[in-house]
């Protein structure tokens, strides 16, 4: 038994020194952000074409990606959402990785996605509230980010 363990450890001697591989050269923060956006967009049980388009535009601008990279990132993230067990796995990483200003910008982008189809369902707003809370942003930030986006989009308050 000890020989088996010794041989296993010798074969995998660099096991703990390996750097984590990037999935298709995307950083995990990009995948997590996109996954969160997809999760939010589908919170009303469907993702409209307007929401998909808005997600892709935001990804392209935020992460300086080409159209092909955005499409690949979107597809990878959709798979990740299908395998996920909840929002916390996304928001926890973002909460630990982003500054408060970056989290506020993320919330504004989230609102842009949710307002893209010009309909805000109670499910979308509820999920936005959960994401805001998971990111440890205040209620004031929740309201401010929503109002800023509504004003930018010319939507009545």
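Residue numbers (my numbering): 2 to 158.
Each residue gets a CB set at the ideal place from its N, CA and C atoms; glycine is no exception.
Please go through the same chain and pick out, in chain order, the residues whose beta-carbon is closer than 7 Å to the beta-carbon of residue i, but skip the five residues on each side of it.
i           : result
residue 149 : 109
residue 19  : Its pLDDT being 32, under 50, residue 19 is placed unreliably in this model, and the coordinates cannot settle the point.
residue 47  : none
residue 162 : This structure cannot settle anything about residue 162, because the visible part of the chain is limited to 2 through 158.
residue 156 : 116
Answer yes or no: do residue i and residue j have a C-beta to C-beta separation smaller than 8 Å?
i          : j           : result
residue 71 : residue 39  : no
residue 96 : residue 136 : yes
residue 99 : residue 132 : no
residue 55 : residue 117 : yes
residue 65 : residue 125 : no
So residue i and residue j are supposed to be a Cβ contact under 8 Å. How far apart are they, rounded?
i           : j           : result
residue 60  : residue 32  : That belief does not hold up - the Cβ atoms of residue 60 and residue 32 are roughly 10 Å apart, past 8 Å.
residue 107 : residue 115 : The Cβ separation is near 13 Å, so there is no contact.
residue 146 : residue 112 : 6 Å
residue 138 : residue 104 : 6 Å
Looking only at its own chain, which residues have a Cβ that is under 8 Å from the Cβ of residue i, when we skip the five neighbours before and after it?
i          : result
residue 53 : 42, 75
Take residue i and list the residues in its own chain whose beta-carbon comes closer than 6 Å to its own, dropping the five residues that flank it on each side.
i           : result
residue 91  : 33, 36, 37
residue 94  : 33
residue 143 : 133
residue 123 : none
- prompt: What are the start and end residues of each continuous beta strand (DSSP E) run of 3 or more residues lying completely inside the stretch 69 to 145, in chain order?
  reply: Not a single unbroken stretch of the beta strand (DSSP E) spanning 3 or more residues falls wholly within the stretch 69 to 145.
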